[in-house]
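These notes are about the structure you will find just below.
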Amino acid sequence: MNIVPLVCLRNTRLFDGKEGNSLILEDLQKRVEKDTLLYVLDFDGIERYNPNLELYQRLAEHCILWIDNGPRRIDDVMDTIMAGATNLTLREDLWSSLTIPEIQELTDDEIYLDKTRQVQEQRSLQQVFSGDIGTILFDETAVYGSFSKDRIGNQKIYLYAGSLEKLSLWTEQGISGIIVDLNKKQGAV
6 MNIVPLVCLR NTRLFDGKEG NSLILEDLQK RVEKDTLLYV LDFDGIERYN
56 PNLELYQRLA EHCILWIDNG PRRIDDVMDT IMAGATNLTL REDLWSSLTI
106 PEIQELTDDE IYLDKTRQVQ EQRSLQQVFS GDIGTILFDE TAVYGSFSKD
156 RIGNQKIYLY AGSLEKLSLW TEQGISGIIV DLNKKQGAV
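Mapped onto the numbering used here, the consecutive letters of the sequence shown carry residue numbers 6 to 194.
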């Protein structure tokens, strides 16, 4: 199972988790090994449509980036890729005319859809795209006990978790990976 550390961007500042402490780039580089996959949750992009593209470029010099910045158009996806993303999270609630095939033509990078709202509202996870599109969930309680390896097959599902305490449960249920705040990840990243 992959364990991916998460950093957050809010008001152009870097934090070591969703509710974490302020972090400077040099400290991040000390805490995270070179070429580690890093989940970047950019609230400036998601909430205000103002992604931190320049900071992505600086982060990409040290880490492999999985960026979640709320793109709303195909041009936004291209800008994010050019700024250093190798994995992307798309949010259907921000992009009503989302066309996955068009994005797949644009990039070979891994694409994930945030399905948190769907799971919270419907209490189920319905996959509408091929196995090439992964799923990200930001509410571990919404999925607690609702997955089995048989049901999700080879679908890539990543779960944001508050801790790594239930790692064996998530592995048993077939979750591909856990995204956890950098400040909560045990040991060196």
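For glycine and all other residues, C-beta sits at the position ideal for the given N, C-alpha and C.
Secondary structure of residue i, DSSP reduced to three states
i       : result
Gly-25  : coil
Gly-179 : coil
Arg-18  : strand
Ala-193 : The predicted model places Ala-193 with a pLDDT of 37, which falls under 50 and marks its position as unreliable, so this point remains unresolved.
Asn-7   : strand
Asp-32  : helix
Val-185 : strand
Residue range of the alpha helix (DSSP H) that includes residue i
i       : result
Thr-85  : 79-87
Asp-49  : 48-53
Glu-115 : It is not in any alpha helix (DSSP H) - Glu-115 instead sits in the beta strand (DSSP E) that spans 115-119.
Integer Cβ distance of residue i from residue j, believed to fall under 8 Å
i       : j       : result
Ile-138 : Leu-118 : 6 Å
Leu-43  : Val-82  : Actually they do not touch by this definition, with Cβ atoms about 19 Å apart.
Ile-79  : Glu-107 : 6 Å
Ile-183 : Met-6   : 7 Å
Minimum C-alpha distance to residue i - residue among the options
i       : options                          : result
Ser-102 : Ile-86, Thr-121, Arg-77, Lys-120 : Arg-77
Leu-58  : Leu-19, Val-37, Phe-143, Gln-34  : Leu-19
Val-9   : Leu-70, Gln-160, Leu-111, Val-82 : Leu-70
Asp-47  : Leu-30, Arg-63, Thr-17           : Thr-17
Asp-40  : Leu-64, Arg-53, Gly-167          : Leu-64
Lys-190 : Ser-27, Glu-177, Leu-172         : Leu-172
Asp-32  : Trp-175, Thr-121, His-67         : His-67
Ser-27  : Val-37, Arg-15, Gln-34           : Arg-15
Asp-186 : Glu-52, Gly-167, Gly-179         : Gly-167
Thr-1   : Ile-180, Asp-114, Asp-113        : Here the chain has residues from 6 to 194 only, and residue 1 is not among them.
Where the beta strand (DSSP E) containing residue i begins and where it ends
i       : result
Leu-142 : 138-142
Tyr-61  : Segment 58-65 is the alpha helix (DSSP H) holding Tyr-61; no beta strand (DSSP E) there.
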